[in-house]
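Line by line, the protein sequences give chains L and H. One point on numbering: in numbering that gives the first Met the number 0, the residue at position 134 of the first sequence is 133, and numbering is uninterrupted. One point on numbering: in numbering that gives the first Met the number 0, the residue at position 180 of the second sequence is 179, and numbering is uninterrupted. For glycine and all other residues, C-beta sits at the position ideal for the given N, C-alpha and C. Read the structure below first, then the notes.
Protein chains: 2
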Amino acid sequence: MSTEKKEKDFLNSYSISKYEKPSIATDIAIFSILEEVEENYRKLPQKKLNLLLIRRGGYPYKDMWALPGGFLEPTETVEEAAARELKEETNVSEAHLEQMHVFSDLGRDPRGWILSTSFIALIDGQKADVKSSDDAAEATWFQVSFKLAKAEKEYNEDKIIVKSLYKLYLKHQDMELMAEIEERKEISNYHEQISYQILKSEGLAFDHGKIIAYALQYLRQHIENAHMAFDLLPEYFTLTDLQQVYEIILDKELLVANFRRKIAGRVIETNKNQEGAGHRPSKLYKRNLEVDNL
Amino acid sequence: MSTEKKEKDFLNSYSISKYEKPSIATDIAIFSILEEVEENYRKLPQKKLNLLLIRRGGYPYKDMWALPGGFLEPTETVEEAAARELKEETNVSEAHLEQMHVFSDLGRDPRGWILSTSFIALIDGQKADVKSSDDAAEATWFQVSFKLAKAEKEYNEDKIIVKSLYKLYLKHQDMELMAEIEERKEISNYHEQISYQILKSEGLAFDHGKIIAYALQYLRQHIENAHMAFDLLPEYFTLTDLQQVYEIILDKELLVANFRRKIAGRVIETNKNQEGAGHRPSKLYKRNLEVDNL
DNA sequence: ACAAAAGTGTTAAACTTACACCCATGC
DNA sequence: GCATGGGTGTAAGTTTAACACTTTTGT
């Protein structure tokens with residue numbers, strides 16, 4: 000009997016269904032930058048980092064807020080599932096959409112054995128068309144605040160443990176969700192590992208506080224490398240817009256002259272101008288697609 | 000009826016089994032640095048990047064080589080599953096072990112709907128105790144060669160497409176496995192995406208050529224940031240050892256004086272010396288666990 | 001003695017950081 | 001006119017890159 004024949008026979012008789020299997024969900028942290036209205040005609044509107052959450056219509060965690068997501072269908076990849084969810088919730092089909100992490104803690108979902116392959120999506124807030132989806136769930140942008148509240152370092156023999164307590168606040172009008180997440184880094188001679196634990200969670204469903212914390216750390220660590228900042232902006236933008244995106248995500252002020260020198264090679268000046276503001280009009284730029292390393 | 004009661008009732012009546020579910024495999028790219036014997040007593044032994052592969056004992060892909068891996072059990076997280084596999088194959092329980100990517104292409108496994116959550120593991124080659132595991136599969140270190148063979152750039156309106164063809168060779172004695180993988184980067188104003196495709200594959204099971212290519216790119220991109228290089232070395236090492244790890248992974252020569260200045264803060268000098276070589280003995284160093292950013 | 005690697009010093013160029021200053025607009 | 005943001009220049013400090021040179025060992 001040929002090898003091909005044997006393999007075929009094996010596959011025909013193989014039944015994968017005898018093993019217990021988990022369900023796979025994809026959850027997406029969809030971020031955008033939105034502007035608050037500014038009453039002073041001179042001042043620029045304040046930009047804020049926002050995250051899209053959906054109020055759960057059913058059990059479990061009924062009426063609490065969760066990341067958009069859903070179960071993986073047998074006809075699609077996790078990327079396709081994430082793109083489908085993103086499109087359903089925001090009607091945006093072209094966006095930065097990137098795999099982030101698999102969350103598989105036992106008991107993370109009371110419905111059973113469910114793994115989450117999480118994604119991070121960055122979209123231009125103007126382009127998103129957020130509305131209640133067909134299942135009547137409310138989708139809402141929440142302003143994000145994520146701050147280090149406490150840090151401690153423990154020196155053991157051959158090992159250092161760094162614990163950092165972060166407080167996450169998500170605000171929309173008079174609604175405020177909160178989570179306290181502890182990040183634990185363990186560094187030894189042979190390996191290092193990082194883990195997150197939810198200490199407190201108010202108004203957030205499942206382990207989504209943890210996923211959101213992970214996404215925010217991921218954003219901060221990756222905003223400088225790739226072109227992620229551009230994905231949060233429209234096609235044409237001012238250098239101040241771009242700088243503010245960096246400042247919001249890094250939660251840190253940057254010097255104008257230095258920032259401009261640094262990103263000079265990544266943008267292309269256009270002959271368009273931003274007009275109508277109570278100050279000198281600024282040039283509009285677009286991203287330079289041609290960047291050597293990427 | 001209280002909300003808690005309702006939630007409980009819901010969960011009791013909820014049956015997740017009605018949806019079709021995939022199996023979850025964890026596959027690990029286990030890397031180590033091994034030395035080739037050197038006949039010239041003066042010369043240092045050549046270090047090489049090695050990858051652990053297992054010959055498949057059964058169908059499908061019988062007798063072909065695959066990444067160590069297995070199915071996720073309902074009692075463990077994907078990290079625990081990966082650690083279990085690593086321990087089974089190498090008897091190493093403390094190592095750098097990190098989630099990499101989820102591969103979910105339809106048809107990636109002829110046995111059915113199987114997703115792979117892939118990991119990357121870095122171990123000190125000396126510590127690994129590789130032997131045929133209980134299921135009598137052969138586990139073997141393969142020397143890795145991964146080179147860019149062709150690159151092309153396509154300029155469209157509002158979009159740039161960069162295609163890079165990589166050739167992967169895996170050698171052990173007179174065995175040679177090969178794969179050609181195309182990396183495709185698409186960069187537009189609104190998003191950028193990167194995908195890999197297997198063009199040719201000889202001797203490698205499943206889509207593992209793709210996973211290996213992904214792992215090697217991941218290694219190259221991350222070796223500078225974190226302390227990954229140290230995880231490939233024993234506790235005490237010479238600065239030349241460390242430099243060679245960088246050189247092997249980046250596939251690029253570095254200047255000695257400059258390298259030493261760059262990593263000066265990350266290592267601690269010990270009073271131990273490497274002796275017995277046909278040249279001036281070198282000081283042994285160990286890693287400095289205390290690094291500001293991590 | 002000498003091959004091989006260990007290890008250090010010097011310089012120019014590049015990039016980062018901090019700060020000072022002028023410009024243009026709408027009200 | 002003036003508040004606000006747009007935009008540029010310069011000098012000090014730091015890091016990188018390239019190269020030259022000295023030191024120490026085992027055989």
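Helix, strand or coil at residue i [DSSP, three-state]
i, result
"G57/L", "coil"
"R279/L", "coil"
"Y213/L", "helix"
"D230/H", "helix"
"D104/L", "coil"
"F258/L", "helix"
"K86/L", "helix"
"I193/L", "strand"
"I248/H", "helix"
"K20/H", "coil"
"D206/H", "coil"
"A225/H", "coil"
"N287/H", "coil"
"S12/H", "helix"
"E185/L", "strand"
Close Cβ partners of residue i (< 7 Å) along its chain, the five nearest in sequence each way excluded
i, result
"E97/H", "F118 and I119"
"D133/H", "Since pLDDT at D133/H reaches only 49, below the 50 mark, its modelled position is unreliable, and the value read off the structure follows with that caveat. Counting only Cβ-Cβ distances below 7 Å, and skipping sequence neighbours, we find nothing."
"R260/L", "none"
"Q243/L", "K46"
"A228/H", "I222, L241, V244 and Y245"
Under 8 Å by beta carbon: chain L residues contacting residue i
i, result
"S295/H", "Missing from the structure shown is residue 295/H; chain H here goes from 0 to 293 and no further."
"R286/H", "N188"
Whole-angstrom distance between residue j and residue i, CA atom to CA atom
i, j, result
"Y284/H", "L232/H", "11 Å"
"S163/L", "I27/L", "24 Å"
"A135/H", "E88/H", "Reliability of the predicted coordinates at A135/H is poor, the pLDDT of 49 falling under 50, and the value obtained from them is presented with this limitation in mind. About 11 Å."
"Q192/L", "Y60/H", "34 Å"
"K295/H", "K126/H", "As shown, chain H starts at 0 and ends at 293. That puts residue 295/H outside it, with no answer to give."
"E156/L", "E201/L", "38 Å"
"P67/L", "E151/L", "34 Å"
"Q220/L", "H221/H", "12 Å"
"L43/H", "T74/L", "53 Å"
"F236/L", "H226/L", "14 Å"
"Y18/L", "A204/L", "29 Å"
"F30/H", "L50/H", "5 Å"
"K20/H", "V101/H", "16 Å"
"E72/L", "Q172/H", "44 Å"
"V255/L", "Q273/L", "18 Å"
"D250/H", "S103/H", "30 Å"
"M174/H", "E35/H", "17 Å"
Chain L contact residues for residue i, given Cβ-Cβ distances below 9 Å
i, result
"K261/H", "Near K261/H there are no residues of chain L at all, since even the closest Cβ is about 19 Å away, more than 9 Å."
"A94/H", "Y189 and H190"
"H226/H", "I186 and E191"
Neighbourhood of residue i by C-beta, 6 Å cutoff - its chain only, sequence neighbours within 5 removed
i, result
"G69/L", "E84"
"I160/L", "E153 and E185"
"P109/H", "P59"
"R183/H", "K162 and S194"
"T116/H", "T25, V77 and V101"
Distance cut-off 7 Å: residue i Cβ against heavy atoms of the ligand GDP
i, result
"V129/L", "With respect to the ligand GDP, the structure offers nothing, as it holds no ligand at all."
Residues of its chain near residue i, where Cβ-Cβ distance is below 8 Å and the 5 sequence neighbours each way are ignored
i, result
"K199/L", "M177, A178 and E179"
"G264/L", "N287 and V290"
"T269/H", "Y235, K282, L283, Y284 and K285"
Under 7 Å from the C-beta of residue i: neighbouring residues of chain H
i, result
"P67/L", "Neighbours of P67/L on chain H: none; closest Cβ ~18 Å, over 7 Å."
"D26/L", "Neighbours of D26/L on chain H: none; closest Cβ ~13 Å, over 7 Å."
Proximal residues of chain H, C-beta to C-beta of residue i below 9 Å
i, result
"S103/L", "I23, L71, E75, T76, V77, E78, E79, A80 and T116"
Per-residue contacts from residue i into chain L (C-beta, under 7 Å)
i, result
"H207/H", "Per Cβ cutoff of 7 Å: no residues; H207/H is ~17 Å from chain L at best."
"Y18/H", "S22 and F70"
"E234/H", "N188"
"I159/H", "L288 and E289"
"W112/H", "P73"
"D128/H", "Residues of chain L passing the Cβ test: none, with the nearest at roughly 15 Å."
Partner residues on chain H for residue i, Cβ-Cβ distance less than 8 Å
i, result
"H100/L", "Q98"
"D250/L", "Those do not exist, as D250/L stays about 16 Å from chain H at its closest Cβ, beyond 8 Å."
Rounded distance between the beta-carbons of residue j and residue i, thought under 8 Å
i, j, result
"M99/H", "Y195/H", "Rounded, the Cβ-Cβ distance is 13 Å, inconsistent with contact."
"T25/H", "A65/H", "Incorrect: roughly 13 Å between the Cβ atoms, too far for contact."
"L167/H", "A212/H", "6 Å"
"R41/H", "G277/H", "4 Å"
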